[in-house]
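Numbering (my numbering), first residue to last: 899 to 1100.
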């Protein structure tokens, strides 16, 4: 059974061509505060039409770009349970790749003190929400076979699983960690501040 991974809406976008006679679809927009959305891989017109046939008629959908992929954005979910339910259905019954995104829980306060140990450069950062459970760091390290760092993103602490300029490497790590049940997200690494390079000793 596929696992659905929930992550705050944050991404680093690259332009890409789509199988459309018109211009590329716009960048996927984040959900409003307090709402969740489901993104479904829909590279072809056939898959887009299949999604439309599956959803209720009054469902709010649009086609957009997330990272390098064309997605169908399904918005308007007020609870994570509803969003996860539809993502699981699209994954397991319809056979399309779907996942849930949420906005950051608290917007950054420009007047709040900021961390300045070391800002990451351009690229991709795969972050793990460890929910104040230190054992999660050991589990991530064991799975990846390397140390994990501690970072600050949107005024919250996360484990840094991967920092890379390679989008394929970042996406691969994101899916591997998600499949193991970790709460992960892929973000623009320029918005991430490194607090500690290693939180698990060898």
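All C-beta atoms in this analysis are idealised placements derived from N, C-alpha and C, irrespective of residue type, glycine included.
Discussion item. Quick check on residue 963: buried or exposed, where buried means 16 or more other Cβ atoms within 10 Å of its Cβ?
Written reply: buried
Fill in: Under 9 angstroms between C-beta atoms of residue 1000 and residue 978
yes
Worksheet entry | Cβ separation of residue 973 and residue 958, assumed to be a contact under 8 angstroms, to the nearest whole Å | 5 angstroms
Worksheet entry | Inter-residue Cα distance where the pair is residue 1061 and residue 1068 | 8 angstroms
Worksheet item: In angstroms, rounded to a whole number, what distance separates the CA positions of residue 1077 and residue 1039?
Response: 15 angstroms
Fill in: As assigned by DSSP and simplified to three states, the class of residue 1091
strand
Worksheet item: Is residue 998 helix, strand or coil by DSSP?
Response: strand
Item to complete: Classify residue 1027 as helix, strand or coil using the three-state DSSP reduction.
Response: coil
Worksheet entry | Per-residue DSSP class, three states only, for residue 1080 | coil
Discussion item. To the nearest angstrom, how far is the alpha carbon of residue 985 from that of residue 971?
Written reply: 11 angstroms
Practice prompt. Would you list the one or two residues that DSSP bridges to residue 992?
Written response: Per DSSP, none; premise fails for residue 992.
Worksheet item: If you run the structure through DSSP and keep just helix, strand and coil, what is residue 953?
Response: coil
Worksheet item: Can you give the beta carbon distance from residue 961 to residue 923, rounded, assuming they're within the 8 angstroms contact cut?
Response: 5 angstroms
Item to complete: Could you check the C-alpha separation between residue 1080 and residue 969 for me, to the nearest Å?
Response: 23 angstroms
Practice prompt. Sort 992, 1049 and 1057 by Cα distance to residue 1037 and report the nearest one.
Written response: 1057
Fill in: Beta carbon of residue 1087 nearer than 9 angstroms to that of residue 1023
yes
Worksheet item: Quick one: what does DSSP say residue 1017 is sitting in, helix, strand or coil?
Response: strand
Worksheet item: Are there 16 or more other CB atoms within 10 angstroms of the CB of residue 949, so buried, or fewer, so exposed?
Response: buried
Discussion item. Please identify the residue among 1051, 1096 and 1030 whose C-alpha is closest to the C-alpha of residue 1043.
Written reply: 1096
Item to complete: Tell me whether residue 1074 sits in a helix, a strand or coil according to DSSP, three-state version.
Response: helix
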